[in-house]
Amino acid sequence: MDKTRYITRFEDEFPDKLRFIPGCPAGIYVRGDLPDPEKKTVAIVGARACSEYGRKMASYFSSHLAAAGVQIVSGMARGIDGIAQRAALEAGGTTFGILGSGTDVIYPEQNREIYRMIEGHGGLISEHPDGTAPLGPHFASRNRIISGICDILLVIEARLKSGTSITVADALDQGREIYAVPGRLTDGLSAGCNKLISEGAGMALCPDDLLKALGLLCEEPLSTSTSGFTGTKHFDLSSKEKLVFDCLDLYPRSVDEIVRTCRLSVSEVMELVTSLCIKGAAKECARSNYIRET
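In our numbering, the protein residues as written are 19 to 312.
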């Protein structure tokens, strides 16, 4: 990737979206490209320790938005951030990582491949010079750049009190639109998202909701849910396999729950979920807990 360059806020190349935010950085260090000001940009943030549901939603929204030409911004953290950025790249889109370290510092190590993939398909941005370690205070301050450089902030899985709430507060100060993906009321990882929606944030049920808000989709969204996200069309299932498959979703379900819902014996359920896993229609995400694959 290109060497790091420093751009002050007084230079023409400095992103206009950042130039007028509260606490505008004096300058930014850039490795690779900057977001194209002529294209729409969505920042996707959320929990580091995300659930399988969060992983699927991050990949689903990011890949569809990127395929529609939307630039994806995130913080290169483990969890939702890295998943969204990888999905954007795999969809042939562009993504930009806003770092809490120097642009030459790979953190976390598990995202090393994403750093490599970004070359030629986005860039890395930081307000810290090369060699700067990824220290805690840097991540809180970089959040204002994540929200400042986007048109819409999308939150996927966040607890009531988390680092994501700092990014949301920054986005509100900057006048950015905020959307959140809803989750179960009993799920602590979705509590922050559900609260945002109750307080007036947009509810993101499918990528079309965001494309419409960005002015990239003139007609009403074709779907108002993730119904197009799952289905049996890729799997050749028997009637009993389909019964169990329809009982599963992106939240883990135990064998006991499946037994009660499908009214089958434990031995039948174990045989059927094993068959679904072999066919790639289900996945054991914890001991004797299963989700559907899509």
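A virtual CB, placed ideally from N, CA and C, is assigned to each residue, including glycine.
Nearest-angstrom Cα distance between R310 and Y269?
Taking the straight line joining both Cα atoms gives about 8 Å.
Would you list, in sequence order, the uninterrupted alpha helix (DSSP H) runs of no fewer than 4 residues that lie entirely inside the segment 128-171?
Taking only runs of at least 4 residues, the alpha helix (DSSP H) segments lying wholly in the segment 128-171 are 130-136, 154-166.
Provide the residue span of the alpha helix (DSSP H) that contains E70, from first to last.
Per DSSP, E70 belongs to the alpha helix (DSSP H) from 70-85.
Looking at C-alpha atoms only, which residue of D20, R281, V88, L153 is the closest neighbour of L235?
Measuring from the Cα of L235, the nearest candidate turns out to be V88.
Could you check what DSSP says for F114 in three-state terms: helix, strand or coil?
Correct three-state label for F114: strand.
Using the Cβ count rule (16 or more neighbours within 10 Å means buried), how would you classify T250?
Residue placement at T250 is flagged as unreliable, the pLDDT there being 44, under the threshold of 50; a coordinate-derived value is accordingly withheld.
Can you list, in chain order, the residues of its chain whose CB lies under 7 Å from that of L290, leaving out five sequence neighbours each side?
The answer, listed in chain order, is K258, E259, V262.
Along the beta strand (DSSP E) that carries C295, what are the first and last residues, could you check?
Note, C295: premise wrong, no beta strand (DSSP E); alpha helix (DSSP H) at 284-297.
In chain order, what residues of the same chain lie with their CB nearer than 8 Å to the CB of I124, ignoring the 5 residues before and after it?
Correct list, in chain order: R130, Y133.
Where does R37 fall in DSSP's three states?
Looking at R37 - three-state DSSP - the assignment turns out to be helix.
Using three-state DSSP, classify G193 as helix, strand or coil.
Here G193 sits in coil by DSSP.
Pull up the CB-CB distance for L171 and R194, whole angstroms please, since I reckon it's below 8 Å.
Correct: roughly 5 Å between the Cβ atoms.
Ordered along the chain, which non-local residues of its own chain (more than five positions away) have a Cβ less than 7 Å from that of K35?
The residues are G166, I167.
Counting only the same chain and skipping the five closest in sequence on each side, list residues whose C-beta sits under 7 Å from that of T185.
For T185, where only same-chain residues beyond five positions count, the Cβ hits under 7 Å are V63, N161, I164, S165, L171.
For T121, name the three-state secondary structure that DSSP assigns.
In the structure shown, T121 sits in coil (DSSP, three-state: anything other than H, G, I, E or B).
For chain D, check one thing: does any of its Cβ atoms lie closer than 8 Å to the Cβ of T26?
Chain labels in this structure do not include chain D; a single protein chain is all it has.
Under a three-way DSSP split, which group does S180 fall into?
Three-state DSSP puts S180 in coil, outside helix and strand.
To the nearest angstrom, report how far apart A222 and G50 are at their CA atoms.
If I take the Cα positions, the gap works out to 30 Å.
Check S216 in the structure and name its three-state DSSP category.
Helix at S216.
Do you know how far the Cα of G149 is from the Cα of F32?
Going by the C-alpha atoms only, they are around 22 Å apart.
Would you mind reading off the limits of the alpha helix (DSSP H) that contains G45?
That residue, G45, is in no alpha helix (DSSP H); its beta strand (DSSP E) goes 45-50.
Which residue comes first and which comes last in the alpha helix (DSSP H) that contains R104?
Here the alpha helix (DSSP H) through R104 covers 98-108.
Tell me the DSSP bridge mates of I25?
In the DSSP output, where bridge partners are listed per residue, I25 has I46.
Decide if the segment 110-124 is in contact with the segment 265-281; the criterion is three or more beta carbon pairs, one per stretch, under 8 Å apart.
No, because fewer than three Cβ pairs between the segment 110-124 and the segment 265-281 fall closer than 8 Å, the two stretches do not touch.
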